Each structure stands twice: as C-alpha cells, then as structure tokens.
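Per the numbering used here, the very first residue in the sequence shown carries number 1; after that it's consecutive. We treat Cβ as the ideally placed atom computed from N, Cα and C, and that holds for glycine. Model, not experiment: these values are computed from the prediction. Remarks on the structure that follows.
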Amino acid sequence: MANIFSTIFTSILFIGIGFYWFKYPPKNINNLYGYRTRRSMANQQIWDYANKIGAKMLLVLGVVTLVLGVFLVLVLPLMSIFLTIVLILIGLGVGMYWCETKLNRHFDKNGKPKE
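Structure, rendered in structure tokens:
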C-alpha cells in the first residue's frame with residue numbers, strides 16, 4: 001500500500017511542479033527556479049525557450065511515472081520503488097538530453113537563434 005501511495009504522490013508532484021512551471025515560468029535567469037544548465041543560462045532568449053521545454057518534460061515524466069509506476073506496483077510490488085526511482089532517473093536524463101538537443105538545434109554556440 002505504501003508503494004502505490006509513494007508512486008502516485010511522486011508522480012502527482014512532478015505533474016504539479018511541471019504545470020506550475022509551465023503556467024508561471026521563471027521570468028529571469030536565476031539559480032533557484034527553472035531549467036538550469038550552462039547552456040540554458042547563456043541568455044534570456046535561451047532561458048525562456050529551455051524553461052518551456054523543461055516544464056513539458058516534467059509533465060510528461062509525471063504522467064509516464066504515474067502509469068508505469070502503478071503498473072510496477074501491481075506487477076512487481078517488491079521491486080516497484082526501486083524500479084520507479086530508476087524510471088525517474090532515466091526520464092530526467094532523457095529529458096535533459098532532449099532539451100539540450102533542442103537548444104543546440106535552435107541556437108548557435110554564441111546563443112543566437114539559428115536561421
């Protein structure tokens with residue numbers, strides 16, 4: 001029972017943070033709130049773009065974690081917490097790779113939009 005509660009709570013937390021972040025993105029580059037990498041903090045235009053992507057990433061991760069996490073609790077209850085943590089870590093890694101790839105596709109090394 002605790003496994004399913006923690007899985008649902010974690011998933012809803014990701015969805016809630018992603019929704020809040022999407023609805024109220026950080027207006028200025030800062031060290032507390034937002035998608036913060038060296039690339040995303042290069043200038044305001046990149047920051048704004050990266051944070052739109054980051055919010056979507058958290059929303060998707062929350063939904064995927066909810067669906068797969070509940071499935072894991074039902075199918076493999078003894079390993080579900082461990083597998084859910086692995087799922088979250090992989091999801092965050094894939095999400096960061098996706099975001100950085102999109103930044104590299106849309107902005108040059110100097111932070112200017114590609115034409």
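Who are P26's beta bridge partners in DSSP?
The count along the sequence shown starts at 1 and reaches residue 26 at position 26. Per DSSP, P26 has no beta-bridge partner at all.
Between which residues of its own chain and G91 is the CB-CB distance below 6 Å, once the five residues before and five after are set aside?
Taking the first residue of the sequence shown as 1, we reach residue 91 at position 91. A distance below 6 Å between beta-carbons, with the five flanking residues on each side excluded, links G91 to the following residues of its chain, in chain order: L61.
Is the separation between the beta-carbon of N3 and that of V73 shorter than 9 Å?
For this step, residue 3 is matched to residue 3 along the sequence shown. For this step, residue 73 is matched to residue 73 along the sequence shown. Contact flag set, yes.
Is it the case that the segment 28-45 contacts the segment 6-15, given that we only count it when at least three CB pairs across the two stretches are under 8 Å?
no
Assign N51 to buried or exposed, taking buried as 16 or more other Cβ atoms, counted over all protein chains shown, within 10 Å of its Cβ.
Within the sequence shown, residue 51 is the residue found at index 51, counting from 1. Classification of N51: buried, given that the 10 Å Cβ count is 16 or more.
Which word fits F14, buried or exposed, when buried means at least 16 other C-beta atoms lie within 10 angstroms of its C-beta?
One-based indexing of the sequence shown puts residue 14 at position 14. Buried, because 16 or more other Cβ atoms sit within 10 Å of the Cβ of F14.
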